[in-house]
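In the numbering used here, the protein residues as written are 368 to 586.
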């Protein structure tokens, strides 16, 4: 029986940054609970009153592999914001992923977590922990995420899940990786490859452009 790889994406609309793991979490723990209020009633003892649902809490754990490990694949990648050029797509980097997760954990960023068609949720990172190990560059991690519920907007369901098309975000600039071509990038993001090639002065849409920066504006 063949297994299907889950597509898991983290995205920050405020920075344009996005992370897709080269290897998915070993475990994804999803916690559903409601608030319980306890009262002591004279002559009856303690009673419990069921309250409203609490925000969902999700815990992911596994390891971030080395950059050149066998787990690398064309589905993984990172879009980061360098503060100068805006959102730039590049290949997978464990150190870059760690830097982004640390920033999201320490600052007030709302993160959208998408897991295939099963979950599409606005959230924030409660905590991110990593483990340093001798003789290997792979980093075990634990990522705890809480559902974000805006006090000013009503949600579409009791869990606050918001419907959103499960597609990759289009970065303004793409740092081309090995085997990347104008045609492959256009196909990946649903762009017009002819316009993309013209805007970047590329004549051969199947030419590998490793290391070059490509602008997606207007395509």
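Where a beta carbon is used, it is the ideal one built from N, C-alpha and C, also for glycine.
Residue i in three-state terms, based on DSSP
i           : result
residue 515 : coil
residue 566 : helix
residue 388 : coil
residue 463 : helix
residue 554 : helix
residue 470 : helix
CB of residue i within 9 Å of CB of residue j, strictly
i           : j           : result
residue 400 : residue 421 : yes
residue 455 : residue 538 : yes
residue 458 : residue 398 : no
residue 513 : residue 425 : yes
residue 489 : residue 478 : yes
residue 568 : residue 542 : no
residue 566 : residue 548 : no
Inter-residue Cα distance where the pair is residue i and residue j
i           : j           : result
residue 461 : residue 388 : 9 Å
residue 546 : residue 480 : 28 Å
residue 561 : residue 585 : 11 Å
residue 431 : residue 571 : 36 Å
residue 467 : residue 411 : 53 Å
residue 552 : residue 373 : 22 Å
residue 554 : residue 402 : 47 Å
residue 429 : residue 475 : 24 Å
residue 563 : residue 501 : 45 Å
residue 471 : residue 408 : 45 Å
residue 413 : residue 486 : 37 Å
Inter-residue CB distance, residue i and residue j (contact presumed, cutoff 8 Å)
i           : j           : result
residue 427 : residue 447 : Actually they do not touch by this definition, with Cβ atoms about 20 Å apart.
residue 540 : residue 494 : In fact, because the Cβ distance is near 31 Å, the residues do not count as touching under 8 Å.
For this session: Tell me, please, whether the segment 407-422 touches the segment 496-512 by the rule of three or more beta-carbon pairs shorter than 8 Å.
Result: no
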